[in-house]
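Q: Here it is: the structure, laid out below.
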Amino acid sequence: MPNDNLTVKQQREQRRQEKVAALKAKQAAERRRNRLGIIGAVVGGVAVIAIIVSIVIVNAQPQVDPETIEIADVEEFDGLEGTHVQGVVDYEMTPPAGGPHNQVWLNCGIYEEPVQNENAVHSLEHGAVWVTYDPAALSEAEIETLRDSVPSTYMVVSPFEGLESPVVASAWGAQVALDGVDDPRLQDFITKYRQSQNAPEPGALCTQGIEGEGLIS
Numbered sequence: 000m001p002n003d004n005l006t007v008k009q010q011r012e013q014r015r016q017e018k019v020a021a022l023k024a025k026q027a028a029e030r031r032r033n034r035l036g037i038i039g040a041v042v043g044g045v046a047v048i049a050i051i052v053s054i055v056i057v058n059a060q061p062q063v064d065p066e067t068i069e070i071a072d073v074e075e076f077d078g079l080e081g082t083h084v085q086g087v088v089d090y091e092m093t094p095p096a097g098g099p100h101n102q103v104w105l106n107c108g109i110y111e112e113p114v115q116n117e118n119a120v121h122s123l124e125h126g127a128v129w130v131t132y133d134p135a136a137l138s139e140a141e142i143e144t145l146r147d148s149v150p151s152t153y154m155v156v157s158p159f160e161g162l163e164s165p166v167v168a169s170a171w172g173a174q175v176a177l178d179g180v181d182d183p184r185l186q187d188f189i190t191k192y193r194q195s196q197n198a199p200e201p202g203a204l205c206t207q208g209i210e211g212e213g214l215i216s
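So in numbering that gives the first Met the number 0, the last spot in the sequence shown is 216, and the numbers never skip.
Written out as structure tokens, the structure reads:
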């Protein structure tokens with residue numbers, strides 16, 4: 000505001016200086032906004048680049064064809080019947096890896112109690128992998144490790160007393176006896192046979208069937 004004690008010339012100079020100061024303040028504010036915009040663009044650009052790089056890396060990783068995985072000592076069983084039956088079935092392999100089975104499948108999951116063979120075989124027909132273990136041959140820590148090492152879907156894990164090996168992995172028409180929970184063939188078997196086209200009905204439900212005793216997850 001002009002000072003009444005100033006001369007006209009001094010008042011004009013004062014107004015000029017005020018306008019200059021206001022202009023400089025406006026320009027400084029614009030420069031700050033521009034800097035923030037540049038910083039935001041750089042940060043956003045870096046984030047986008049990081050996402051793109053991660054996608055490229057993931058896509059660049061070779062995808063393993065399950066059919067090409069070779070697993071030592073896998074037994075395969077051809078010509079298995081998939082008929083529905085009532086009652087107990089006398090299977091040719093232990094644990095069973097296919098054949099006649101109950102019309103209701105077992106809900107996939109982790110069990111701490113033995114499950115019914117005939118229901119579990121129906122789950123194998125749907126593309127599940129059934130991992131059985133002899134509770135007398137494994138420690139509690141090893142059992143927990145086994146449970147934690149398998150995928151969360153299309154898997155059945157349960158105890159099975161009297162196995163010839165500590166752990167046995169079974170799928171429809173295939174089975175492998177394993178030396179323990181850290182046997183690398185376990186993960187290979189799961190990758191090769193879980194949801195395999197060798198199963199009669201891969202992708203069919205592994206839920207909404209019958210829940211066995213001792214389901215924990």
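Using N, Cα and C, we set each Cβ at its ideal position, and we do this for glycine too.
It should be emphasised that the depicted structure is a prediction, and the values quoted were computed from it without experimental measurement.
1. Following the continuous alpha helix (DSSP H) through Val120, name the residue where it begins and the one where it ends.
2. For Asp182, which residues from the same chain have a beta carbon less than 8 Å from its beta carbon, with the 5 sequence-adjacent residues on both sides left out?
3. Three or more C-beta pairs closer than 8 Å, one from the region 160 to 176 and one from the region 132 to 143: is that the case here?
4. Roughly how many whole angstroms lie between the Cα atoms of Val57 and Gly211?
5. For Ile215, is the classification buried or exposed, using 16 other Cβ atoms within 10 angstroms of its Cβ as the cut-off for buried?
6. Considering just the uninterrupted stretch of the alpha helix (DSSP H) at Thr190, what are its terminal residues?
7. Pull the bridge partners of Ser169 from the DSSP assignment, please.
8. What's the gap between the Cα of Arg14 and the Cα of Ala21?
9. Pick out whichever of Ser138, Ala173, Val84, Asn116 has its Cα sitting closest to the Cα of Asp72.
10. Can you give me the start and stop residues for the alpha helix (DSSP H) that Ile142 sits inside?
11. Rounding to the nearest angstrom, what Cα-Cα distance links Gly98 and Ser151 in this structure?
12. DSSP beta-bridge partners for Ser157?
13. When the Cα atoms are used, what is the spatial distance from Glu231 to Thr190?
A: Working from what's here:
1. Looking up residue 120 in the sequence shown gives position 121. Where Val120 is concerned, the enclosing alpha helix (DSSP H) stretches over 116 to 124.
2. In the sequence shown, the residue the question calls residue 182 occupies position 183. Result list for Asp182: Val166, in chain order.
3. The region 160 to 176, when compared against the region 132 to 143, does touch it at the 8 Å Cβ threshold.
4. The residue given as residue 57 occupies position 58 in the sequence shown. The residue given as residue 211 occupies position 212 in the sequence shown. Note that Val57 has pLDDT 48, beneath the 50 cutoff, so the model's placement of it is unreliable and the number below is only indicative. Distance from the CA of Val57 to the CA of Gly211, rounded to the nearest whole angstrom, comes to 38 Å.
5. One-based indexing of the sequence shown puts residue 215 at position 216. Here Ile215 is exposed: its Cβ has fewer than 16 other Cβ atoms, across all protein chains shown, within 10 Å.
6. Here residue 190 is taken as the residue at index 191 of the sequence shown, counted from 1. Per DSSP, Thr190 belongs to the alpha helix (DSSP H) from 184 to 192.
7. In the sequence shown, the residue the question calls residue 169 occupies position 170. For Ser169, which the question treats as bridged, DSSP gives the partners Trp129, Gln174.
8. Here residue 14 corresponds to residue number 15 of the sequence shown, with the count starting at 1. Here residue 21 corresponds to residue number 22 of the sequence shown, with the count starting at 1. Their Cα atoms are separated by approximately 11 Å.
9. Within the sequence shown, numbered from 1, the residue matching residue 72 stands at position 73. Selected option, being the one with the closest Cα: Ala173.
10. Position 143 of the sequence shown, counted from the first residue, corresponds to residue 142. Its alpha helix (DSSP H) spans residues 139 to 147.
11. Start at 1 with the first residue of the sequence shown, and residue 98 comes out as number 99. Start at 1 with the first residue of the sequence shown, and residue 151 comes out as number 152. Within the model, the alpha-carbon separation for Gly98 versus Ser151 is close to 25 Å.
12. The count along the sequence shown starts at 1 and reaches residue 157 at position 158. Answer is Thr131.
13. There is no way to answer for residue 231, as the model of the chain reaches only from 0 to 216.
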